[in-house]
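Colleague:
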Amino acid sequence: MSQPQIREIQRWKKPAEGVLKVNCDGAHKPEEKREGWGFVIRDEEGDVIKACWGRIGRSFDALQAEAIACWHGVRMAMELGIGNIELETDSLLLKQALSTNDYNRSPVRGIIIEIKNMIRYEFLSVHVTHQKRECNVVAHALAKLGCECDSGTNISVDSIPDCIMNLVAGDSATRSG
1 MSQPQIREIQ RWKKPAEGVL KVNCDGAHKP EEKREGWGFV IRDEEGDVIK
51 ACWGRIGRSF DALQAEAIAC WHGVRMAMEL GIGNIELETD SLLLKQALST
101 NDYNRSPVRG IIIEIKNMIR YEFLSVHVTH QKRECNVVAH ALAKLGCECD
151 SGTNISVDSI PDCIMNLVAG DSATRSG
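1 is the number of the first residue of the sequence shown in the UniProt record's numbering; add one for each residue after it.
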């Protein structure tokens, strides 16, 4: 009889010293015709610098919602004057789109090009990573909040809403790099 495999749960990890981490996520609920985006920027201690979420007026698929979330996160990091970022997503398709030229004929081509241009010209360094959803729970919860907003609404705060604070606290318990 074989032993059951124990799967180690992955958790959010803090960025390196001098780097801010941007976690972004999109939420796509086609049955409700609601799409949202969310991102959180945290420092090397795991403290929240900025959290934002909003509802997408119209999205065609999950990749587009993910790309919109990423665009907002990268744009905010740029506006805050952050030089070094780690951009983390739970969308492998988005990571691939940002790392290759395979999406030049995709409907998300325009927004991917905008993100790539911001990454290329506005930062000293950017490291794009893909992690599982369990490493991106705060951004995912913010994107779900975005789905509940009025269409076209964007909300930006310097801290996390109370309803999501427990998720940040859960990350804090395991935030060592």
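Glycine is no exception: its CB is placed at the ideal position from the N, C-alpha and C atoms.
Just mark Glu-45 as buried or exposed, buried being the case when its beta carbon has 16 or more other beta carbons within 10 Å.
Modeller: exposed
Colleague: Whole beta strand (DSSP E) runs in the stretch 46-78 with 3 or more residues, listed along the chain?
Modeller: 48-56
Colleague: Can you name the residues that DSSP bridges to Thr-129?
Modeller: Glu-88
Colleague: DSSP on Ala-16, reduced to helix/strand/coil?
Modeller: Ala-16: coil per DSSP, three-state reduction.
Colleague: With a 10 Å radius around its C-beta and 16 neighbouring C-beta atoms as the bar for buried, classify His-127 as buried or exposed.
Modeller: exposed
Colleague: Quick check on Gly-177: does DSSP put it in helix, strand or coil?
Modeller: Here Gly-177 scores only 48 on pLDDT, less than 50, and its place in the model should not be relied on; the value that follows carries that caveat. Reduced to three states, the DSSP call for Gly-177 is coil.
Colleague: Would you say Gly-36 and Ala-143 are within 8 angstroms of each other, going by their C-beta atoms?
Modeller: yes
Colleague: Our contact map puts Val-48 next to Ser-159 with C-beta atoms below 8 angstroms; I'd like the distance itself, whole angstroms only.
Modeller: 6 angstroms
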